[in-house]
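Encoded as structure tokens, the structure appears first; notes follow it.
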Amino acid sequence: MQHYPVLSIIILFFGAFLNALFRGKALVRKIITTVSTGISFILILLLIKPVIIDGQIISYWMGNWIPVPDSVVGICLVVDQLSLFFAVLASFTIFLSGLYSFKYMEKDDIIDKYYVLYLMLSGSIIGFIFSGDIFNMFVMIEISTFSAVTLTAFRSHIEGAIEAAFKYIVVGSIGSSFILIGTILLYAQLHTLNMAQIAVLMHKNYTPITLFAFGIIFVGYAVKAFIVPWHSIAADVYTTAPAAVFMFFSSMVNKAGVYGIIRLLYVLFQSMNLPPIHILVVVLGTITMFIGVTMTLIQTDFKRFLAFQSISQIGYIITGIGLSTAIGISGGLYHVLNYTLFNGLLFLCADAVFYSVGTTDINKLGGLAKKMPQTALIFLIGAFSISGLPPFNGFVSKGLIYQASYKEGFIPVTIVALLVSVLTLASFINIIQSVFFGQLPKECEDAKEVPLTMRIPMWIMAILCFLTGILPRYVSRYIITPAVSATLNIGKYIDVIYGKGYSQKYFNEVITVPDIDYKLAGYCRPEYWLIIFIILLASFTLVALTWGLKIKVGNIEKDKDYNYYTFYIAVKSKCSQVRENGLFLGIKYNFRKYFDFINSINSGTVNDYALWVVSTAAVVIVYVFLLVP
Numbered sequence: 002m003q004h005y006p007v008l009s010i011i012i013l014f015f016g017a018f019l020n021a022l023f024r025g026k027a028l029v030r031k032i033i034t035t036v037s038t039g040i041s042f043i044l045i046l047l048l049i050k051p052v053i054i055d056g057q058i059i060s061y062w063m064g065n066w067i068p069v070p071d072s073v074v075g076i077c078l079v080v081d082q083l084s085l086f087f088a089v090l091a092s093f094t095i096f097l098s099g100l101y102s103f104k105y106m107e108k109d110d111i112i113d114k115y116y117v118l119y120l121m122l123s124g125s126i127i128g129f130i131f132s133g134d135i136f137n138m139f140v141m142i143e144i145s146t147f148s149a150v151t152l153t154a155f156r157s158h159i160e161g162a163i164e165a166a167f168k169y170i171v172v173g174s175i176g177s178s179f180i181l182i183g184t185i186l187l188y189a190q191l192h193t194l195n196m197a198q199i200a201v202l203m204h205k206n207y208t209p210i211t212l213f214a215f216g217i218i219f220v221g222y223a224v225k226a227f228i229v230p231w232h233s234i235a236a237d238v239y240t241t242a243p244a245a246v247f248m249f250f251s252s253m254v255n256k257a258g259v260y261g262i263i264r265l266l267y268v269l270f271q272s273m274n275l276p277p278i279h280i281l282v283v284v285l286g287t288i289t290m291f292i293g294v295t296m297t298l299i300q301t302d303f304k305r306f307l308a309f310q311s312i313s314q315i316g317y318i319i320t321g322i323g324l325s326t327a328i329g330i331s332g333g334l335y336h337v338l339n340y341t342l343f344n345g346l347l348f349l350c351a352d353a354v355f356y357s358v359g360t361t362d363i364n365k366l367g368g369l370a371k372k373m374p375q376t377a378l379i380f381l382i383g384a385f386s387i388s389g390l391p392p393f394n395g396f397v398s399k400g401l402i403y404q405a406s407y408k409e410g411f412i413p414v415t416i417v418a419l420l421v422s423v424l425t426l427a428s429f430i431n432i433i434q435s436v437f438f439g440q441l442p443k444e445c446e447d448a449k450e451v452p453l454t455m456r457i458p459m460w461i462m463a464i465l466c467f468l469t470g471i472l473p474r475y476v477s478r479y480i481i482t483p484a485v486s487a488t489l490n491i492g493k494y495i496d497v498i499y500g501k502g503y504s505q506k507y508f509n510e511v512i513t514v515p516d517i518d519y520k521l522a523g524y525c526r527p528e529y530w531l532i533i534f535i536i537l538l539a540s541f542t543l544v545a546l547t548w549g550l551k552i553k554v555g556n557i558e559k560d561k562d563y564n565y566y567t568f569y570i571a572v573k574s575k576c577s578q579v580r581e582n583g584l585f586l587g588i589k590y591n592f593r594k595y596f597d598f599i600n601s602i603n604s605g606t607v608n609d610y611a612l613w614v615v616s617t618a619a620v621v622i623v624y625v626f627l628l629v630p
């Protein structure tokens, strides 16, 4: 068990090496990828009992270094309840993404390189999560950035792929440079890189150098998480990368940035008692969710639409984490779980459409529910989940964030979060109508369901979206609450790594995480919502069937020719066609100055993106200097 963390990382990198060794053998590559990701996933699952249920913290020292009290030297992997929570989600996504890739990527010419890069990316993300020191976190996130950039440009024949990769490497390198500079400053000040030792040495003892390091590292991880205003490259990256890759990007690569922010806030700087930091994070989260969802209203590409929805949902997570209360962090981490499921699901559906039709241009799609009924149903489940409708999982996590923000006095944040959920639902109604219903274009007449190996991951995620929505008590009790407790109470983490006694001296306050049953009582009873949902669905179905039977058609003159256009033109003259985002035409017109400003930020010019990252980083650093005591 002690070796499971390092083995779960090594097996993925070793799989990448074997894939490079056996180039040109498709079956061997699939076996290597499946075995590597499967074993890594199983090893991480085997840690659930000792770590999450029994509450142990596992530390593994590389190179046979043996820590002594008051001194931490060497590379350490640490598995606590928080890191294992993220690792389980990452390894689960890695395994399903690999399964989805087998059929989807088989027509690509350099597929052998794809699996090498994919396993390198996977290993680096797990390594980042388990790292116990800030420098190796930087090393792992750099490996992930290199792999992600290359995978973004993997299909270089797709328009914009090379450009998106170039933007990613420029902006991503700036973020990585910020993390490295902050790491160097902390080492120069404290002479250690271990997170536990930094937490002890810097406990309520902030200097100008450490405050500068906090600000610059925070921005570095915010760039990786695609938080507004450092989100500009996200849409380009998600649009051009292969399906399994951008599923992994949207579900876990940006979560590496979220994980880094959590460790920065709650371990390195223990910022729970610093209101200016809370306000900064909550404001950034609120802006992210609002700008993300409003940008979806003007998109005409299926993938770009989902990319901005992805950014918006990151805002909910950051807001919950920034509230710095047990219920707020519970909502934030619950949304991390939900986001991994419904966001990955929606991206897989989008690329299933691309695989079947060959385009993601919304204006060229329509009526695909007739040709791809399973994909349409799965997409509906994902849309209901991300919109926060009961009885699906988004309803639970968003409800916790609403409650936490309202209780902490952030009433405007609560209002914005509710508004964003409404806009999310409205935008998905529009996209569902445009893609899956309405008239089937001639270009889509040959569309059909994707192969079974692509549908299995989609169905697994759809079912989990439903189960995590109707069983929130069990999810919270056995998954979320332990992770929240590990986030707020770092005393045991300090004792395991740095030596016993320091937790009692510096971190003796224990924050109790309230039972989620109590917090959900009265306004979220998922089983009742499930019953109501089934009754309404059955009622609508019955009404639709019986109403259809009662329709009477008047006399039709048989000597005239009629076609669909005869009836369609009458409707068109009275109703605007729900195409080209016509549903939001009034919003776009009335708020055109706002959209012009947002579009100017997302100009597509890499120089503008780089300048924007640096200038906003300066603003954050000045804010930290001025307001943090």
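Counting from 2, one number per residue, gives the positions in the sequence shown under the numbering used here.
Quick reminder that beta carbons are idealized off the backbone N, C-alpha and C, glycines included.
Query: With a CB to CB cut of under 8 angstroms and the five nearest residues on each side skipped, what residues in its chain are close to residue 281?; Result: 323, 621, 624 and 625
Query: Assign residue 44 to one of two classes, buried (16 or more other C-beta atoms within 10 Å of its C-beta) or exposed (fewer than that).; Result: buried
Query: Say whether chain D places a C-beta atom closer than 9 angstroms to the C-beta of residue 165.; Result: Protein chains in the displayed structure number just one, and chain D is not present.
Query: By the DSSP assignment, the beta strand (DSSP E) with residue 53 in it spans what residues?; Result: Here residue 53 belongs to no beta strand (DSSP E), and DSSP marks it neither H nor E.
Query: Can you round the beta-carbon distance between residue 82 and residue 405 to whole angstroms, since I take them to be within the 8 angstroms contact cut?; Result: Contact doesn't hold; Cβ gap of about 20 angstroms is too wide.
Query: For the segment 339-400, which segments carrying the alpha helix (DSSP H) assignment without a break, of at least 4 residues, lie completely within its bounds, in sequence order?; Result: 374-387
Query: Can you give me the start and stop residues for the beta strand (DSSP E) that residue 78 sits inside?; Result: 77-80
Query: Between which two residues does the beta strand (DSSP E) containing residue 62 stretch?; Result: 59-62
Query: In chain order, what residues of the same chain have a beta carbon less than 6 angstroms from the beta carbon of residue 632, not counting five sequence neighbours either side?; Result: Any question about residue 632 goes unanswered here, given that the chain covers just 2 to 630.
Query: Starting from residue 303, follow the alpha helix (DSSP H) in both directions and report where the run begins and ends.; Result: 303-323
Query: In the structure shown, what three-state DSSP assignment does residue 137 receive?; Result: helix
Query: How far does the alpha helix (DSSP H) with residue 445 in it extend, from its first residue to its last?; Result: Counting along the chain, residue 445 falls outside any alpha helix (DSSP H), and DSSP gives it neither H nor E.
Query: Could you please give the first and the last residue of the uninterrupted alpha helix (DSSP H) stretch that includes residue 225?; Result: 209-226
Query: Measure the CB-CB distance between residue 59 and residue 48 and report whether it falls below 9 angstroms.; Result: yes
Query: Taking only three categories from DSSP, how would you classify residue 5?; Result: helix
Query: So which of 296, 175 and 97 has the shortest CA-CA distance to residue 616?; Result: 175
Query: Counting only the same chain and skipping the five closest in sequence on each side, list residues whose C-beta sits under 6 angstroms from that of residue 123.; Result: 13 and 95
Query: Between which two residues does the alpha helix (DSSP H) containing residue 30 stretch?; Result: 27-46
Query: Check for me: the alpha helix (DSSP H) holding residue 1 runs from which residue to which?; Result: Outside the displayed span of the chain (2 to 630) sits residue 1, for which this structure offers no information.
Query: For residue 21, which of helix, strand or coil comes out of DSSP?; Result: helix
Query: Does the beta-carbon distance from residue 337 to residue 90 come in below 9 angstroms?; Result: yes
Query: My guess is that residue 363 and residue 415 are in contact by the Cβ rule of under 8 angstroms, so how many angstroms apart are they, rounded?; Result: About 32 angstroms; that fails the 8 angstroms criterion.
Query: Less than 9 angstroms between the beta carbons of residue 307 and residue 355, yes or no?; Result: no
Query: Three-state secondary structure (DSSP) at residue 157?; Result: coil
Query: Which partner residues does residue 195 have in the DSSP bridge list?; Result: 134
Query: According to DSSP, simplified to helix, strand and coil, what is residue 438?; Result: coil
Query: Name the residue from 488, 16 and 256 whose alpha carbon lies nearest to the alpha carbon of residue 268.; Result: 488
Query: By DSSP, does residue 204 sit in helix, in strand, or in coil?; Result: coil
Query: Tell me whether the beta-carbon of residue 335 lies closer than 9 angstroms to the beta-carbon of residue 401.; Result: yes
Query: For residue 300, does the three-state DSSP call read helix, strand or coil?; Result: coil
Query: Start and end of the alpha helix (DSSP H) containing residue 255?; Result: 255-264
Query: Short of 6 angstroms in beta carbon distance, which residues of its chain neighbour residue 310, apart from the five on each side in sequence? Order them along the chain.; Result: 297
Query: Rounded to the nearest angstrom, what separates residue 188 and residue 182 at their Cα positions?; Result: 10 angstroms
Query: Using the rule of at least 16 other Cβ atoms within 10 Å of the residue's Cβ for burial, across every protein chain shown, is residue 344 buried or exposed?; Result: buried
Query: Taking the Cβ atom as the reference point for each residue, do residue 286 and residue 224 lie within a distance shorter than 9 angstroms?; Result: no
Query: Let me confirm a value: residue 5 is counted as buried when at least 16 other C-beta atoms fall within 10 Å, else exposed. Which label applies?; Result: buried
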